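Protein chains: 2
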Amino acid sequence: MQVRSILRILGLLVAVFSVALLPPVVLAWIYGDGGAAAFFLAFLLSLFIGFILWFPNRDRRADLKTREGFIIVVMFWVVLGTVGAIPFWMPDNFSLSFTDSMFESFSALTTTGATVLTGIDELPHAYRFYRQLLQWLGGMGIIVLAVAILPLLGIGGMQLYRAETPGPMKDNKMTPRIADTAKHLWYIYFGITLACTLAYWAAGMDLFNAVGHAFSTVAIGGFSTHDASIGYYDSWIINLICVIFLLIAGANFALHFAAFRGKSLRNYLHDPELRALLAIQLVLILICVATLLVYRWYDGVGQAVTHGMFQAVSIAITAGFTTEDYSAWPVFLPVMLIFASFIGGSAGSTGGGLKVIRVLLLYRQGVRELNRLVHPKGVFSVKYGQRALPDRVIQAVWGFFAAYALVFVFIMLGFIATGLDDYSAFGATVATLNNLGPGLGSVAANFQDVSSAGKWLAILSMLFGRLEVFTLLVLFTPTFWRG
Amino acid sequence: MQVRSILRILGLLVAVFSVALLPPVVLAWIYGDGGAAAFFLAFLLSLFIGFILWFPNRDRRADLKTREGFIIVVMFWVVLGTVGAIPFWMPDNFSLSFTDSMFESFSALTTTGATVLTGIDELPHAYRFYRQLLQWLGGMGIIVLAVAILPLLGIGGMQLYRAETPGPMKDNKMTPRIADTAKHLWYIYFGITLACTLAYWAAGMDLFNAVGHAFSTVAIGGFSTHDASIGYYDSWIINLICVIFLLIAGANFALHFAAFRGKSLRNYLHDPELRALLAIQLVLILICVATLLVYRWYDGVGQAVTHGMFQAVSIAITAGFTTEDYSAWPVFLPVMLIFASFIGGSAGSTGGGLKVIRVLLLYRQGVRELNRLVHPKGVFSVKYGQRALPDRVIQAVWGFFAAYALVFVFIMLGFIATGLDDYSAFGATVATLNNLGPGLGSVAANFQDVSSAGKWLAILSMLFGRLEVFTLLVLFTPTFWRG
Ligand SMILES: [K+]
Ligand SMILES: [K+]
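Read top to bottom, the protein sequences are chains A and B. If you're matching positions, the first sequence starts at 0 in numbering that gives the first Met the number 0 and goes up one per residue. If you're matching positions, the second sequence starts at 0 in numbering that gives the first Met the number 0 and goes up one per residue.
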């Protein structure tokens, strides 16, 4: 294990990250409502931490092996989550306990969007902005890791996106060098965020809120600068903008990358995962709107359409924004949407959950078995696009699913042990492991009333979700540390 | 499709089944508390139904193909479930609505053990006995189907038990002729039931109740002749007898078969599934007892041990007997046991759930993926016993798991649509799909308050569980009916 090379990389990351603590300082100065000291001290502290990690190891530029790749990916989230918590924890006119600071920071960075705060509208602008910024940076991290790094580690079928897959990857082979890929992903991510900001701004948000909400929309994070979330604006046009950008951010960024490099939109049309994602969202929207209309839940068709569409996409794609308390919706709508969050966004998007492509492959494996039962001698393959997938990839997806289910059960039992009732424990597990944000029962709105142990378990669960379970799980195996 | 050959077989089945309606007539005569007319009329009616199905087709002895095998297996449960409902429905001094009769009959026959009845202690002896008998017959049907027929149909990895598996099958190849296999399974089933009856009798039950409870114990059915279930006896020795026979009935009957033929107990020791089953039960017992002791839930260690042991095994192995209201137990015990019922008994046992062997294979596939992540070039196989399993079998297990999960979600949403709250809907789905019996929330004790639509959905769910999901699901595919 090349510990010093890993420390060097983490040091650089923390140093770069510390720059993100400066815009809140500027905002605190502009608005004069506090937080300047906290953020400036946090900036100095994290710059210092980055320096002492990097400086002694600055010459350690070794080639890293797969094993070190896992450590770096896990440490990426753990170290940045911890450093990101500093401003919340710094004593100022606003500050949180250590546990709450960590919870808020990890929830933001993993784009989960669960919170321990209320009265967000009254917080200093520096903090309101910083929470959104953390989500945006987290989203950027997810994209780079998921598109450029996790496939190299072979996590849960993601290698599908390396070379085996047809469509975008085959026609426009992704630039092999990670740095170059990351740079282009950054342009795309920035471009989509800019477009989203302008759209929100044009639709009536002020610039501060437009930027803030664009950050958490593109990151599928779900944090808002208002307690009432997107519902604060009570505007169907803002709802629609949010839904459109959630769908864009819920697509695989490798697709955006291919479109960007190839200057063609054809790839989008032929991607099976994107088509499945859009089909799922459409069906959920139709079910929600139809049910709300049948139950006459809102006065007029317009309300049912705008809220039905918004909440269906926001929950199913694991954003967690709200315009309405969907958990009070009639019959099976709340549970259906919560279940849909297990599907989540595409692989290589900022969404959470199992990811559409995996669910698609699981489904097709089920269909294959049915066909095999009827025709025991027949040869059936699981297809993705035009191509039969190698069994190796499908096995990886199944292994992923088994691990996800197992981790889910243990975390849910853990939440019950920390004092949550069964229903809330289920909600808390879905909210954190799927990186969704809002839960059910006592954690439907926030995690304020959860015990400290429960909050730490939530942090672990968010990490499991964001690290595609396996990346974290592998560190607990003896094989990993042997030899 | 050889419809007339199928009708001939079903006719024979119904005719044979009708004999089961005579013992209750005798009991009604002995105890003189009613039901004689209902059961005798039901006997005549089902004998007649059997005859008109069989007689016109009595010469149709064709070789049946796989496809007809599926139809027969599904119809086995549907037809016997329906015929079995007749006595409940017959107007007498006790009778149920059509829906309730069907519910009670299917719940009994599929060894689910959910009920719409209360005041069971006051029912005529004929009915009290008949419910137990239906479970016992259902258990027998499960064993024959699971050990001798489903493997031929290739359902969800059960082909593992045909020829591919080491251990009992290899050393003592199962008699290829189904009829012969069935005969020997019957001896074994009868022998275990007899032993269980004598044990209960010796422990203090009267003969009527000893037979009745032996029926539902060996069938892992969970029905009792008392509202208070096994708790009625308040006897640690009866609890222990029940647990021991549940574990015997929760083992694969192919193991008992091999031991019976080979006169050796060695097979038991080397069977990976049985070892896993016992290990799981032991861990659950320890967790339950320890938690009950820590929380000082009962006065004295004895109570905690007997109830902890009893409820852990009864719920986890999907029997559903109760001595205590375990759903009120502290922290995560209720949810843990409910989750454990997803594992259930062994394949080829009378237990429900996913079955131990499948969960074992899913777990090992998860471990294989972890190993592959650390050593991407390594070759890892999923082992069962000493032998690496062919990928084909593992894929079948995964397909099964995907179908199970999908069916679970749809049935749970269906229960919500029929008016159950989210928590009870989850409980009702677990109770029926896992063939467990008792649920949570409003269906914790019985299904009396469920709407008619909900009861029919419960029947469908029990069938899905008992038919290993795929057997029923395959009938809904276009491929099945084509050509
Ligand atoms: K989220
Ligand atoms: K049962």
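All C-beta atoms, glycine included, are put in the ideal place defined by N, C-alpha and C. From a predicted model like this one, the values you see are computed outputs, not experimental measurements.
Between the C-alpha atoms of Thr111 (chain B) and Ile148 (chain B) there is a straight-line separation of about 21 angstroms.
Nearest to Met335 (chain A) by alpha-carbon distance, out of A:Ile284, A:His306, A:Leu369, is A:Ile284. Counting the other CB atoms within 10 Å of its CB gives Thr428 (chain A) a total of 16 or more, which places it among the buried residues. In the DSSP assignment, Trp296 (chain B) falls outside any alpha helix (DSSP H) and carries neither an H nor an E.
Under the three-state reduction of DSSP, Arg130 (chain B) is assigned to helix.
At least 9 angstroms separates the CB of Gln134 (chain A) from every CB of chain B. Take Ile191 (chain A), set aside five residues on each side of it, and the residues of its chain with a beta-carbon closer than 8 angstroms to its own are Val217, Phe244, Ile247, Ala248, His255, in chain order. For Glu368 (chain A), the uninterrupted alpha helix (DSSP H) segment begins and ends at 355-373. A distance below 7 angstroms between beta-carbons, with the five flanking residues on each side excluded, links Val242 (chain A) to the following residues of its chain, in chain order: Met308, Phe309, Val312. In the displayed model, Arg59 (chain A) falls within coil according to three-state DSSP, outside both helix and strand.
Annotation: Val355 (chain B) has no Cβ neighbours in chain A at a cutoff of 9 angstroms; minimum Cβ distance is about 15 angstroms. A residue is called buried when at least 16 other Cβ atoms come within 10 angstroms of its Cβ; Asn92 (chain A) does not meet this threshold and is exposed. Within chain B, the C-beta atoms nearer than 7 angstroms to that of Ile415 (chain A) come from Val330, Phe331, Val334, in chain order. Runs of the alpha helix (DSSP H) lying entirely within the segment 293-351 of chain A and spanning at least 4 residues, in chain order: 300-315, 332-339. The Cβ atoms of Leu133 (chain A) and Ala107 (chain A) sit closer than 9 angstroms to each other.
As far as DSSP is concerned, Arg3 (chain B) takes part in no beta bridge. Taking a Cβ-Cβ cut-off of 8 angstroms, the neighbours of Val473 (chain B) in chain A comprise Leu369, Leu372, Val373, given in sequence order. By the Cβ-count criterion, Trp28 (chain A) is exposed, with fewer than 16 other Cβ atoms from all chains shown falling within 10 Å of its own Cβ. Comparing alpha-carbon positions, the option among A:Asp226, A:Tyr232, A:Leu369 lying closest to Thr65 (chain B) turns out to be A:Leu369. When C-beta atoms of the segment 435-443 of chain A are compared with those of the segment 471-482 of chain A, fewer than three pairs fall below 8 angstroms, so the two segments do not count as touching. Note on geometry: alpha-carbon atoms of His306 (chain A) and Val288 (chain A) lie some 8 angstroms from one another. Residue environment for Ile51 (chain A): exposed (fewer than 16 other C-beta atoms within 10 angstroms of its C-beta). Between Pro333 (chain B) and Asp421 (chain A), the CB-CB gap stays under 9 angstroms. For Ala402 (chain B), the chain A residues whose C-beta falls within less than 7 angstroms of its own C-beta are Gly365, listed in chain order. The beta carbon of Gln364 (chain B) lies closer than 7 angstroms to those of Val381, Ile393 in the same chain, with the five residues before and after it left out. With fewer than 16 other Cβ atoms from the protein chains shown falling within 10 Å of its own Cβ, Tyr294 (chain A) counts as exposed. Distance check between Gly31 (chain A) and each of A:Pro123, A:Met101, A:His374 places A:Pro123 closest, using alpha-carbon atoms only. Residue-level contact by beta carbon holds for Arg66 (chain B) and chain A, with a gap shorter than 9 angstroms.
The beta carbon of Gly307 (chain B) does not come within 9 angstroms of any beta carbon belonging to chain A, so the residue lies off that interface. Distances taken from the Cβ of Ile247 (chain A) to the heavy atoms of ligand 1 include none shorter than 8 angstroms.
Neighbours of Leu361 (chain A) in chain B, taken as residues whose beta carbon is under 7 angstroms from its own, are Ala401 in chain order. In chain order, the residues that have a beta carbon nearer than 7 angstroms to some heavy atom of ligand 1 are A:Thr110, A:Thr111, A:Gly112, A:Ile219, A:Gly220, A:Gly221, A:Thr317, A:Ala318, A:Gly319, A:Gly351, A:Asn434, A:Leu435, A:Gly436.
For Pro375 (chain B), the number of other beta carbons within 10 angstroms of its own is below 16, and it is reported as exposed. Val408 (chain A) reaches chain B at Phe338, counting residues in chain order whose Cβ is nearer than 8 angstroms.
Residue contact with chain A for Leu459 (chain B): absent (no Cβ-Cβ distance below 9 angstroms to any residue of chain A). The criterion of a C-beta distance shorter than 9 angstroms is not satisfied by Gly384 (chain A) and Gly319 (chain A).
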